[in-house]
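Chemist: Please see the structure below; I have some questions.
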Amino acid sequence: MSSPKISVVIPTYNEEKYLSNSLESFKNQTYKDFELIIADGGSTDDTRNIAGQFGAKFINVPDSNVVRARDAGLRIAKGNILVGADADTYYPPDHLENIWNEYQKNGKVVAVTGRAIMVNGPWWGVAIWDLTYKLIACIFRLTGKVLYAPAYNLSYKKQVFLDLGGYNTALDFGGDELDVLTRLKKVGKIAFSPKICPQTDGRRYKVGFFTFLFKHALYYYTLNYLLARFFRKSLIRAKPVR
């Protein structure tokens, strides 16, 4: 039996509330030549059973953060293209097909990303999300550069990323997004397609505007990422939002 062309990696930790919706969306993909990998950080709920119901490959990555989980999935993936995904995100039926087509258009493309829509989030979160992606799309049209790509909507050529060393597991926040994008930009083209547009749950924004802005966006994400780049390890830890 030949290996799949695409590997979808989903990191999980107690995601029984959301996982079925995400996996169901992959079950309904028009592009069928792919495998599903669940990289789990030690769930104590029904996450593993749900993964099994959809035929996903399940690996235990105990005491891991999301970066180490994604890296573990990368290491066992059989596909040539690795697609990052999240348990709380719905993927339209043509998601994988649109991703695959972007790689076929240009052999210099090493990574592909797109837009995202927030659902079930506060109004200000939805507004920020919409404005952010309009800005990203505008800059890409003008310059051909991609400023940001969320881990759940970022795919890349597996061997290219492995040649770069894979994920920097010393990082936490940003280690599966900004760091990945920065390194891939140095070796090839990053493609952006507005057709690639999953719907992600806005649960992380329900903490309130100021808490999200100062605690999550500026402290946990931005400051921690910059410090980690300098000290080569994450200095700030945070519990995942459920």
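Numbering (the UniProt record's numbering), first residue to last: 1 to 242.
Quick reminder that beta carbons are idealized off the backbone N, C-alpha and C, glycines included.
From SER64 to GLY41, what distance separates their C-alpha atoms?
Modeler: In the sequence shown, residue 64 corresponds to position 64, counting from 1. In the sequence shown, residue 41 corresponds to position 41, counting from 1. One C-alpha to the other measures close to 5 Å.
Chemist: Here's the rule I'm using: 16 or more other beta-carbon atoms within 10 Å means buried, otherwise exposed. How should LEU96 be labelled?
Modeler: Indexing the sequence shown from 1 puts residue 96 at position 96. Burial call: buried.
Chemist: Say whether the stretch 84–95 touches the stretch 194–207, bearing in mind that this needs 3 or more beta-carbon pairs closer than 8 Å, one atom from each stretch.
Modeler: With the cut-off at 8 Å, the stretch 84–95 and the stretch 194–207 touch.
Chemist: Rounding to the nearest angstrom, what Cα-Cα distance links TYR31 and SER2 in this structure?
Modeler: Your numbering for residue 31 matches position 31 in the sequence shown. Your numbering for residue 2 matches position 2 in the sequence shown. Cα to Cα, the separation comes out at about 16 Å.
Chemist: Which residue wins for smallest C-alpha separation from LYS27, given the options THR47, PRO11, ALA56 and GLU16?
Modeler: In the sequence shown, the residue the question calls residue 27 occupies position 27. That would be ALA56, whose Cα lies nearest to the Cα of LYS27.
Chemist: Classify THR113 as buried or exposed, calling it buried when 16 or more other Cβ atoms lie within 10 Å of its own Cβ.
Modeler: Reading the sequence shown from its first residue, position 113 is the one you call residue 113. Buried, because 16 or more other Cβ atoms sit within 10 Å of the Cβ of THR113.
Chemist: Can you find at least 3 beta carbon pairs, one from the stretch 167–181 and one from the stretch 75–83, that sit closer than 8 Å?
Modeler: With the cut-off at 8 Å, the stretch 167–181 and the stretch 75–83 do not touch.
Chemist: Figure out for me which residue from ILE6, SER7 and THR47 has the closest Cα to the Cα of GLU16.
Modeler: Position 16 of the sequence shown, counting from 1, holds the residue named residue 16. When each option's Cα is compared against that of GLU16, the closest is THR47.
Chemist: ALA87 and SER22 - do their beta-carbons sit closer together than 7 Å?
Modeler: Sequence index remark: in the sequence shown, residue 22 carries index 22 (1-based). Sequence index remark: in the sequence shown, residue 87 carries index 87 (1-based). Yes, these two residues count as a Cβ contact at 7 Å.
Chemist: Considering only DSSP beta bridges, list what TYR156 is partnered with.
Modeler: Counted from its first residue, the sequence shown places residue 156 at position 156. Looking at the DSSP assignment, TYR156 forms a beta bridge with LEU82 and ALA111.
Chemist: Could you give the C-beta distance for ILE99 and VAL83, rounded to a whole number, given that I count them as a contact under 8 Å?
Modeler: By 1-based counting over the sequence shown, the position of residue 99 is 99. By 1-based counting over the sequence shown, the position of residue 83 is 83. The Cβ separation is near 6 Å, so the contact holds.
Chemist: Using a Cβ-Cβ cutoff of less than 7 Å, which residues in the same chain neighbour TYR18 once the five nearest sequence positions on both sides are dropped?
Modeler: For this step, residue 18 is matched to residue 18 along the sequence shown. Taken in chain order, the residues that qualify are ALA87, ASP88 and ASP201.
Chemist: If you follow the beta strand (DSSP E) that ASP40 is part of, which residue opens it and which one closes it?
Modeler: On the sequence shown, position 40 is the one that residue 40 refers to. First-last of the beta strand (DSSP E) with ASP40: 34–40.
Chemist: State the beta-bridge partners of ASN60 as determined by DSSP.
Modeler: The sequence position of residue 60 within the sequence shown is 60, counting from 1. Its beta-bridge partners are ASP40.
Chemist: Out of curiosity, what's the CA-to-CA distance linking PRO150 and ASN14?
Modeler: Position 150 of the sequence shown, counting from 1, holds the residue named residue 150. Position 14 of the sequence shown, counting from 1, holds the residue named residue 14. Spanning the two alpha carbons is a distance of roughly 21 Å.
Chemist: What is the residue span of the alpha helix (DSSP H) that ILE117 lies within?
Modeler: Walking along the sequence shown from the start, residue 117 turns up at place 117. Taken as a continuous stretch (DSSP letters only), ILE117 belongs to no alpha helix (DSSP H), being part of the beta strand (DSSP E) at 117–119.
Chemist: How big is the Cα-Cα spacing for SER25 and LYS186?
Modeler: Within the sequence shown, residue 25 is the residue found at index 25, counting from 1. Within the sequence shown, residue 186 is the residue found at index 186, counting from 1. The alpha-carbon atoms of SER25 and LYS186 are separated by roughly 33 Å.
Chemist: Could you check the C-alpha separation between LYS105 and ALA191 for me, to the nearest Å?
Modeler: Within the sequence shown, the letter at position 105 stands for residue 105. Within the sequence shown, the letter at position 191 stands for residue 191. About 10 Å.
Chemist: Quick check on this structure: which residue in TRP123, ARG141, ILE50 and LYS157 has the alpha carbon closest to the alpha carbon of TYR103?
Modeler: As a working mapping, residue 103 is identified with position 103 in the sequence shown. That would be LYS157, whose Cα lies nearest to the Cα of TYR103.
Chemist: Using a Cβ-Cβ cutoff of less than 6 Å, which residues in the same chain neighbour TYR219 once the five nearest sequence positions on both sides are dropped?
Modeler: Counted from its first residue, the sequence shown places residue 219 at position 219. Low confidence applies to TYR219: its pLDDT is 45, below 50, so where it sits in the model is not reliable, and the reading given next is rough at best. If we look at TYR219 and ignore the five residues flanking it on each side, it has no Cβ neighbours.
Chemist: Measure the beta-carbon distance from ILE81 to LYS5 and round it to whole angstroms, keeping in mind my assumption that it falls under 8 Å.
Modeler: The residue given as residue 81 occupies position 81 in the sequence shown. The residue given as residue 5 occupies position 5 in the sequence shown. 6 Å between Cβ atoms; contact.
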